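Numbering (the numbering used here), first residue to last: 65 to 460.
In this text, a Cβ means the ideal position worked out from N, Cα and C, and glycines have one as well.
The model shown is predicted, which means the values in this text are computed figures rather than measured ones.
A short write-up of the structure that comes next.
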Ligand code: EPS
């Protein structure tokens, strides 16, 4: 059984989103303001839809925390949907005999509408949209904020930036410390570290909006302060990059995940793909002049910067709708149009930070255990003293 588990529930226009995270050690200082800080970051990004302005995403901690510290018991969170008041007849749990508004009868290519409607035998594919919507990521960000706080207590920092939106690209290597990345990225309308590249991405989004189109892109997640040895090579389901890829692929619209050199390694010879070992200056452990592995070798963290990228497809709701079919009659029709974003890549990067935090926090508890934060920290420090992380050596 996983050492850290979580569940989410709730529909986009239902009463609320709820989530439970189980396995958090006792004694972790946790405030709802820390959850709100991450939820506010999820709303950022040029090209986000009107929903972000409608929702205050205020989160309630319903259990597992007392007087500002975790108890070690399951932590239940709830975020009410402000928009519920406009949808209560459409989404009420009680039976409804009135005229059903907002039916979804013409599936949007690229979303879950058609396949989900056929799989669950829903004639009104709104039953699919409501759960398949990216609104669900709101509660996963809140749950991820708990995991992030636990990691922060251990000195682990998580940051993200956008490296591509449409044809706008920013692959300049990151030189700032992870903690500083979010200060720069949060201030960018597209979470891009380079100003010129960010301006190009904004222009791409403006052009897409004008054309009634949508845009995807690529974001990069960076994690510092990890120990050597999270994950394992001994069994397929313990290889950490597999858990990371699964978590990121579970985010709406993600179609690809890579670690370190990633797909570029497919075209690079081994002599330029691996990280050579050098004796570290203090002769305790090893260092490497490069980090092409992106911080993971053989299913385990090396202790170098963890570098993960994810590719997001353009959102499926186009204001200039694609061709589709009215299922009830079989007639050709324009796809359903629903309020949506033009581009949500900056938001996906922030959500990705939370999903990665949940995976890493679980891997930490799997390796170190500890019912209390105090016990976990002691074990963490002992390990890092005995087996230091692989450090980046100065370039020769
Ligand atoms: C989103 C909430 C949704 C969408 C969007 C992002 O809210 P609503 O449907 O009420 O506008 O704006 O979701 C999608 C683009 C999608 O395809 O699911 C959010 O909170 O991130």
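Selected residue, minimal CA-CA separation from residue i, among the options
i           : options               : result
residue 81  : 398, 148 and 446      : 148
residue 457 : 213, 94, 343 and 253  : 343
residue 347 : 113, 454 and 187      : 454
residue 193 : 183, 199, 177 and 206 : 177
residue 432 : 324, 447, 306 and 286 : 447
residue 385 : 276, 434, 329 and 426 : 276
residue 112 : 404, 438, 437 and 237 : 404
residue 189 : 196, 195 and 181      : 181
residue 218 : 428, 197 and 452      : 428
residue 118 : 110, 138 and 77       : 77
residue 67  : 138, 197, 357 and 352 : 138
residue 341 : 329, 326, 357 and 328 : 357
residue 240 : 410, 339 and 257      : 257
residue 260 : 250, 234, 196 and 320 : 234
residue 197 : 408, 226 and 264      : 408
residue 86  : 359, 70 and 321       : 70
residue 142 : 337, 207, 108 and 390 : 207
residue 214 : 253, 444 and 309      : 444
residue 79  : 345, 144 and 252      : 144
residue 355 : 389, 370 and 345      : 370
residue 228 : 377, 72 and 114       : 377
residue 274 : 438, 249, 406 and 167 : 406
residue 220 : 450, 350 and 441      : 441
residue 150 : 159, 166, 162 and 309 : 166
residue 238 : 450, 372 and 410      : 372
residue 250 : 93, 392, 413 and 324  : 413
residue 92  : 449, 451 and 438      : 438
residue 298 : 134, 179, 328 and 361 : 361
residue 252 : 395, 110, 325 and 327 : 110
residue 224 : 286, 195, 191 and 315 : 286
residue 65  : 302, 327, 308 and 436 : 302
residue 278 : 216, 186 and 231      : 231
residue 430 : 288, 130 and 304      : 304
Rounded distance between the beta-carbons of residue j and residue i, thought under 8 Å
i           : j           : result
residue 95  : residue 132 : 6 Å
residue 245 : residue 417 : 10 Å between Cβ atoms; not a contact.
residue 106 : residue 202 : 7 Å
residue 375 : residue 318 : 7 Å
residue 84  : residue 140 : 5 Å
residue 280 : residue 226 : 11 Å between Cβ atoms; not a contact.
residue 200 : residue 74  : 7 Å
residue 121 : residue 108 : With a Cβ gap of about 12 Å, residue 121 and residue 108 do not count as contacting.
residue 323 : residue 312 : With a Cβ gap of about 10 Å, residue 323 and residue 312 do not count as contacting.
residue 410 : residue 310 : Incorrect: roughly 23 Å between the Cβ atoms, too far for contact.
residue 349 : residue 452 : 4 Å
residue 72  : residue 204 : 6 Å
residue 90  : residue 134 : 6 Å
residue 210 : residue 88  : 6 Å
In DSSP terms, what residue i is bridged to
i           : result
residue 19  : Nothing about residue 19 can be reported from this structure: the residues present for the chain run from 65 to 460 only.
residue 224 : 285
residue 214 : Paired residues: none, contrary to the question.
residue 407 : 279
residue 388 : 397
residue 455 : 351
residue 81  : 143
residue 93  : 133
residue 436 : 90
Check: residue i C-beta below 7 Å from any heavy atom of the ligand ATP
i          : result
residue 77 : The ligand content of the structure shown is limited to the ligand EPS, which means the ligand ATP is not among them.
Specify whether the stretch 398-411 and the stretch 328-336 touch according to this definition: at least 3 beta carbon pairs, one from each stretch, less than 8 Å apart.
Contact fails: fewer than three Cβ-Cβ distances are below 8 Å.
Where in the stretch 229-301 do unbroken runs of the beta strand (DSSP E), each at least 3 residues long, occur, reported from the N-terminal end onward?
Runs of the beta strand (DSSP E) spanning 3 or more residues and lying entirely within the stretch 229-301 occur at 281-288, in chain order.
Sequence ranges, beta strand (DSSP E) only - wholly within the stretch 111-175, length at least 3
The qualifying runs are 123-125 and 139-144.
Taking only runs of the alpha helix (DSSP H) that begin and end inside the stretch 295-379, which ones reach a length of at least 4 residues, in chain order?
Runs of the alpha helix (DSSP H) spanning 4 or more residues and lying entirely within the stretch 295-379 occur at 304-313, in chain order.
Below 8 Å, can you find three or more Cβ-Cβ pairs linking the stretch 265-280 to the stretch 419-434?
No contact exists between the stretch 265-280 and the stretch 419-434.
Could you tell me whether the stretch 287-307 touches the stretch 365-378, where touching means 3 or more Cβ pairs closer than 8 Å?
Yes: the two stretches touch, three or more of their Cβ pairs being nearer than 8 Å.
Given 8 Å as the limit, is there contact between the stretch 376-387 and the stretch 164-177, that is, 3 or more CB pairs closer than that?
In short, these stretches touch, since the Cβ pair count reaches three.
Is it a yes or a no for the stretch 114-126 touching the stretch 99-106, going by three-plus beta-carbon pairs under 8 Å?
Taking 8 Å as the limit for Cβ pairs, the verdict is that the stretch 99-106 does touch the stretch 114-126.
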